[in-house]
Structure formats: C-alpha cells, structure tokens
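Presented below is the structure to which this report refers.
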Amino acid sequence: TAANSLAEIGTIATAAVAAISKISTFADANSAGATGTGTAPDTSATGLTTGATTPTAADYTAAGITGVGSAAGQVPIDAINAALQSAALTAANTGTPTAVQAVVNAYKAILGAATGAGAGDDAAATAAVAAGLNAANLAAIGVPAASIPADGSLAAALLASAVSKAASSAVNTPDEIAKMADAANKVAALTAGTSPAPTLTAADLAALGVPNAATMTPAQVAAVAAALAHTTPATAANSLAEIGTIATAAV
Numbered sequence: 001t002a003a004n005s006l007a008e009i010g011t012i013a014t015a016a017v018a019a020i021s022k023i024s025t026f027a028d029a030n031s032a033g034a035t036g037t038g039t040a041p042d043t044s045a046t047g048l049t050t051g052a053t054t055p056t057a058a059d060y061t062a063a064g065i066t067g068v069g070s071a072a073g074q075v076p077i078d079a080i081n082a083a084l085q086s087a088a089l090t091a092a093n094t095g096t097p098t099a100v101q102a103v104v105n106a107y108k109a110i111l112g113a114a115t116g117a118g119a120g121d122d123a124a125a126t127a128a129v130a131a132g133l134n135a136a137n138l139a140a141i142g143v144p145a146a147s148i149p150a151d152g153s154l155a156a157a158l159l160a161s162a163v164s165k166a167a168s169s170a171v172n173t174p175d176e177i178a179k180m181a182d183a184a185n186k187v188a189a190l191t192a193g194t195s196p197a198p199t200l201t202a203a204d205l206a207a208l209g210v211p212n213a214a215t216m217t218p219a220q221v222a223a224v225a226a227a228l229a230h231t232t233p234a235t236a237a238n239s240l241a242e243i244g245t246i247a248t249a250a251v
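Here it is as structure tokens:
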C-alpha cells in the first residue's frame, strides 16, 4: 500500500535515482583503490572527492539492491563499499541497480567460499569453492586483472583452498583477496620452474594462511621457495594443506 498512488511511486523513484547516484559517485570518487585494511572503506578527505559520501544500507535498499546486510547469507556493507573503492569500479560500471547488484552477487559467491572450515585436499570440494571464486566474480568485485588466476589453473585451486580456510572477515576487501591471489600465482610460478617477480615473501605465505609464516626469516622463505621449485608434480602444491606441509619440512 506504500506504492498505490502516483505520489508514492514518484517518491520511491526519486529516492532510487538519488541512491544509485550516491553509490556510483562513491565508486568514482574512490578510483585509486581500496585500502586493504579489512575495516570500513577509506572515507577520509584523501579517499573521497568533494560531494561523495559513503553509501549506507538504506541507500542500497532504496536503489532496489538486495543481499547487502549483516544477516546470514548477506554481503556486509563494508565489503561492498570496499569493492566500490577498487580502481576497476567507477561511475561508468556502477551507474545502474543491475550493475551494482552484479557486484553484490559476485561478492556473495566469494564470501560463501570463505567459511573457515576449508576444503582440505579434496579435489571435488576445492572445485566447488573455485566455482565461486571464478575469474568473472573476482573481476566483478574489483580484484585487479593482473592478480586474477586463470580458471582451472593451479593458482586458482590454491586460491580456492586458501579462501575456503579463511574467515569471511579475512576476505572482505578486494585488496585482501588480491594479495592472496598474487601469492597463489607466485607459488604456481615456482612449481612451474619460473622465478616470480617480485619474489615470494613471508607476507605472501601469511596471506595464504600458511602457519607461522609471519615469523619466517628471509632465509626460511627462500628455503620454502626452493622446496616449491622442486615439488613434483606441481599439483602436489595446489592446496593450503600441501603448502603448509612443504613449508614445515623446508624450515
């Protein structure tokens, strides 16, 4: 009954137009990329241009976008706003409710994989996780193209394994996911006999979730990299559990 008169329809339409304008303006104002802090998006003076304000849950609702919120199965608003901060998302590709809904749907699929339980080394389970972490979804939320592994690749399988063992709070910005993807790409390069540039670091191993990686010395990281380079077949290093085993043996 809140939409059974011309005046009410006009009010709803006006609010929807204002909301999607606010959302797309926010995306355009943050084209430098997300901060990657894992907290709310950067809304400082340096993070926003004049006239841009952070979208609220009410804005997404007014625009007709569903799935944003704190309930089970929904995408936290901070995650969506962090996606809008990525360099890939601008006013040009967030100017309609359909376009923003696609971002929400992609992030929902990704967060659905991050349960903290993990897919282990089970190929079927990892493949199911990888389906949500496909290249299209990663691109949709603003993960840089250079970081996105090819679907079906060893790096994609390792990323899926790592994300499946991560808490959703550990993958709630595109920047965090990009760091995991970059690390997975480095591991894949090493197992393929290629030296990645830049080289593998303790931060890379920590991003993947390798135990005790944060306290590894450069010499220990180099030992892990050498072990990965001699791992055969390469598929013996396409899960977090396997990388953890290799790292433990190497150090």
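At position 83 of the sequence shown the residue is numbered 83 (the working numbering), and the sequence of numbers has no breaks.
Each residue gets a CB set at the ideal place from its N, CA and C atoms; glycine is no exception.
All of these numbers come straight from a predicted model, not from anything done at the bench.
**Message:** Need the endpoints of the alpha helix (DSSP H) that G244 sits in, please.
**Reply:** 240–250
**Request:** Quickly, what does DSSP pair T68 with across the bridge? List them, please.
**Result:** Note on residue identity: the sequence assigns Val, not Thr, to residue 68. DSSP, once it has assigned bridges, lists V75 as partnering V68.
**Message:** I need the boundaries of the alpha helix (DSSP H) containing T191, first residue and last residue.
**Reply:** 174–191
**Message:** So, at 6 Å on beta carbons, what are the nonlocal neighbours of N134 in its own chain, with the 5 sequence-adjacent residues on each side left out?
**Reply:** D151
**Message:** Among T173, N172, A202, V171, whose alpha-carbon lies nearest the alpha-carbon of K186?
**Reply:** A202
**C-alpha distance - I110 paired with A189, whole-angstrom precision** = 24 Å
**Spatially closest choice to V68 from L208, V100, T215, by CA coordinates** = V100
**Message:** Given this structure, state the Cα-to-Cα distance separating A136 from A91, to the nearest angstrom.
**Reply:** 19 Å
**Prompt:** Near V104, what residues of its chain come up, given a Cβ to Cβ distance below 7 Å and the 5 sequence neighbours on each side ignored?
**Reply:** I65, G67, V68, V75, I80
**Request:** Taking Q85 as part of the alpha helix (DSSP H), name the residues at either end of that continuous run.
**Result:** That residue, Q85, is in no alpha helix (DSSP H); it is neither H nor E in DSSP.
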